[in-house]
Every structure is written in structure tokens, then in C-alpha cells.
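Enquirer: Before anything else, here's the structure in question.
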Amino acid sequence: MEIVASAPVAPVEPSQASPQAIADAYSGYIRTSVEHAWAFLGKLATARSPVEAFELQMEYAKQACESFVAESQKIAGLHEQVTRQRVMHFEGFVARLTQTTLEIRATRH
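The sequence shown runs contiguously to residue 423 in our numbering.
Here it is, written out as C-alpha cells:
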């Protein structure tokens, strides 16, 4: 009995990075993780020997670890993109504020 890993997740486009996309990624990971855990428990319940149960457990642990690493990287990428967007917006705000301040100072002198 072999546990099949889910398909790799496609990279997220920069325009898709948002707090909602991050929440959706977390929720999707939790949903698939729970589904895989239930599937594993179903297969474990039908194991006929301790050796078979151990093999199932090793397969599940390997799949769960790989899935965790892949989803963590995806979610970290989303966090990075959202942070970059926020910093760029802040830089734009500071640039406008600085320009306005310089214009005010120029008109006073």
C-alpha cells in the first residue's frame, strides 16, 4: 500500500499575493493535510502486520514532510511578495511626502 502525494503546487503570480491569498494557502494546506491523515488512518486500520503498518507510517511521514516543506515555501513566498508590495507602497508614500515637503520649503524661501 502506497500513499500518493498530491500534485506540486504552481508558483503564485505576484498579482495574486494578498493577505487573502495567504489565508487561502494556509487553509488549503490544512485541508489537504487532514485529508491525507484520514486516508493514512484508513489504510493503517487495514494493515495486516506490524511490518506493513510500519511501512505505511514511513510512507505517510515522508509524504507529510515533503508536503509541509513545499507548502511552507509557497506560503513564505506569498509573505515575501506581500511584504515587498507594502514596502513599495510605503516608499511611494515617503517619496510623495518628501517631494511635498521640499516644495513647501522652496515656496517659503
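Ideal Cβ placement from N, Cα and C applies to all residues, glycine included.
How many whole angstroms separate the CB atoms of Ser347 and Ser381, which I take to be in contact at a CB cut-off of 8 Å?
Expert: Position 33 of the sequence shown, counting from 1, holds the residue named residue 347. Position 67 of the sequence shown, counting from 1, holds the residue named residue 381. Correct: roughly 7 Å between the Cβ atoms.
Enquirer: Quick one: give me the first and last residue of the alpha helix (DSSP H) that Ser332 is part of.
Expert: Looking up residue 332 in the sequence shown gives position 18. Ser332 -> no alpha helix (DSSP H), and no H or E assigned at all.
Enquirer: Check Arg362 in the structure and name its three-state DSSP category.
Expert: Here residue 362 is taken as the residue at index 48 of the sequence shown, counted from 1. Three-state DSSP puts Arg362 in coil, outside helix and strand.
Enquirer: Looking only at its own chain, which residues have a Cβ that is under 8 Å from the Cβ of Arg419, when we skip the five neighbours before and after it?
Expert: Residue numbering aside, residue 419 sits at position 105 when the sequence shown is read from its first letter. Excluding positions up to five away in sequence, the list is empty.
Enquirer: On the CB-based measure, 16 or more other CB atoms within 10 Å of its CB, does Thr414 come out buried or exposed?
Expert: Here residue 414 refers to the residue found at position 100 of the sequence shown. Exposed: under 16 other Cβ atoms inside 10 Å.
Enquirer: For Glu385, collect the residues of the same chain with a Cβ closer than 6 Å to its Cβ; drop the 5 residues on either side in sequence, then sort them by chain order.
Expert: Taking the sequence shown and counting its residues from 1, the one referred to as residue 385 is at position 71. The residues are Tyr343.
Enquirer: Drop a sphere of 10 angstroms on the beta-carbon of Gln395, count the other beta-carbons inside from all chains shown, and report buried for 16 or more, exposed for fewer.
Expert: As a working note, residue 395 is residue 81 in the sequence shown. Label assigned to Gln395: buried.
Enquirer: Let me make sure I understand the geometry here. Which of Arg422, Ala378 and Gly406 has the alpha-carbon closest to that of Glu349?
Expert: Numbered from its first residue, the sequence shown carries residue 349 at position 35. Among Arg422, Ala378 and Gly406, the Cα nearest to that of Glu349 is on Ala378.
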